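Read the structure below first, then the notes.
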Amino acid sequence: LLYAAWLDKRGAKGTKLFSARSIEGGVTWSMNTAVYLSPDGTICECCHPSLAIGPSGELLVMWRNALNGSRDMYLSSSRDGITFAAPLKLGNGTWKLTACPMDGGGLAVSGAKILTAWRRESGVFLAEPGRPERQIGAGKDIALALIGEKTYVAWVDGTKVEVWVDGKLEQLADGGAFPSLLALPGGGVLAAWEEDGAIQIRRVP
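Have a look at this one:
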């Protein structure tokens, strides 16, 4: 079973959040389903949404909203990939911004734990749904992975690519952008980022 979610600009003015699912490994897809339509007419226009499968098998979708002049992160869930629950704002603070930061954050699940990582202004935050956020650094282009109880967050601070592992910060590169993290079956993560026109990779234990 495959799921996809995307920023949809079809139809009336504004950006919407849609999804679809495939039960044939991507050969065919279901009809497009609206995950969220903002009452203000648009969600954040460029920040990518994130998908994960929750502890009970539910589909989780995270995105950056555009409500009342704020660009905050929201989460919704669905049992069938068709009907989605009312969205939940992540964290207690807010980011008043009249532009898109182009930074969608990360969403990860391990066991019964659902964790999100995202940027607000220059801060990097971790938050579980329904709980206050916690700032762990400063930067942009946030990526997240969970391995058991171990948390990995990567971001760019200035030009440096850094990774935070349960409170310990390590530099991956002096200059780079757009880090990504992949949880490995044997433990640790594979970090990838863009540097000098090429993709660099490194395993982080």
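Residues in the sequence shown are numbered consecutively from 38, following my numbering. For glycine and all other residues, C-beta sits at the position ideal for the given N, C-alpha and C. None of the values given here were measured: they were computed from a predicted structure.
### Query
When the Cβ atoms of the region 187-201 are set against those of the region 215-233, are three or more pairs found closer than 8 Å?
yes
### Task
Kindly indicate the opening and closing residues of the beta strand (DSSP E) around VAL226.
Your numbering for residue 226 matches position 189 in the sequence shown. Looking at the DSSP string, the run of the beta strand (DSSP E) that includes VAL226 is 226-232.
### Query
Are GLY204 and ILE173 closer than 9 Å when you measure CB to CB?
Position 167 of the sequence shown, counted from the start, is the residue given in the question as residue 204. Position 136 of the sequence shown, counted from the start, is the residue given in the question as residue 173. Yes.
### Query
Which one of VAL198, ALA57, HIS85 and ALA103 has the shortest CA to CA distance from LEU29?
With the chain running from 38 to 242 in the structure shown, residue 29 is simply not present.
### Task
Report the rounded CA-to-CA distance for PHE215 versus GLY91, giving the unit in angstroms.
Translated into the one-based positions of the sequence shown, residue 215 becomes position 178. Translated into the one-based positions of the sequence shown, residue 91 becomes position 54. So the alpha carbons of these two residues sit roughly 25 Å apart.
### Task
To the nearest angstrom, report how far apart SER67 and VAL202 are at their CA atoms.
Mapped onto the sequence shown, residue 67 falls at position 30. Mapped onto the sequence shown, residue 202 falls at position 165. Pairing SER67 with VAL202, the inter-Cα distance amounts to about 38 Å.
### Query
For ASN105, which of ASN129, SER93 and ASP77 has the nearest alpha-carbon?
Mapped onto the sequence shown, residue 105 falls at position 68. The candidate whose alpha carbon is nearest that of ASN105 is ASP77.
### Query
Can you name, in chain order, every residue of its own chain whose Cβ lies under 6 Å from the Cβ of GLU207, other than the five neighbours on each side?
Residue 207 sits at position 170 when you count from the first residue of the sequence shown. The beta carbon of GLU207 lies closer than 6 Å to those of VAL200 in the same chain, with the five residues before and after it left out.
### Query
Among residues of its own chain, excluding the 5 on either side of GLU158, which ones have a beta-carbon nearer than 7 Å to its beta-carbon?
The residue given as residue 158 occupies position 121 in the sequence shown. Answer for GLU158: TRP132, listed in chain order.
### Query
Hey, ALA244 and ILE179: beta-carbon distance below 9 Å or not?
This structure does not reach residue 244, given that the chain is present from 38 up to 242, and the question cannot be answered.
#### Entry: Whole-angstrom distance between LEU88 and ALA42, CA atom to CA atom
The sequence position of residue 42 within the sequence shown is 5, counting from 1. The sequence position of residue 88 within the sequence shown is 51, counting from 1. When rounded, the distance between both Cα atoms is 7 Å.
### Message
Looking at the strands, I want to know which residues DSSP matches up with PHE162.
### Response
Mapped onto the sequence shown, residue 162 falls at position 125. Paired residue(s): TRP155 and GLN172.
### Task
Classify LYS46 as helix, strand or coil using the three-state DSSP reduction.
Residue 46 sits at position 9 when you count from the first residue of the sequence shown. Correct three-state label for LYS46: coil.
### Task
Within its chain, find whatever has a CB closer than 6 Å to the CB of SER59; leave out the 5 residues flanking it on each side and keep chain order.
In the sequence shown, counting from the first residue as 1, residue 59 sits at position 22. For SER59, where only same-chain residues beyond five positions count, the Cβ hits under 6 Å are LEU39 and TRP66.
### Residues that PHE55 bridges to, as DSSP identifies them
The count along the sequence shown starts at 1 and reaches residue 55 at position 18. TRP43 and ALA71, per the DSSP bridge assignment.
### Query
Would DSSP call ARG116 helix, strand or coil?
To locate residue 116, count along the sequence shown from 1; it is residue 79. Three-state DSSP puts ARG116 in coil, outside helix and strand.
### Query
beta strand (DSSP E) containing ARG240: first to last residue?
Numbered from 1 along the sequence shown, position 203 holds the residue referred to as residue 240. Counting along the chain, the beta strand (DSSP E) containing ARG240 begins and ends at 235-241.
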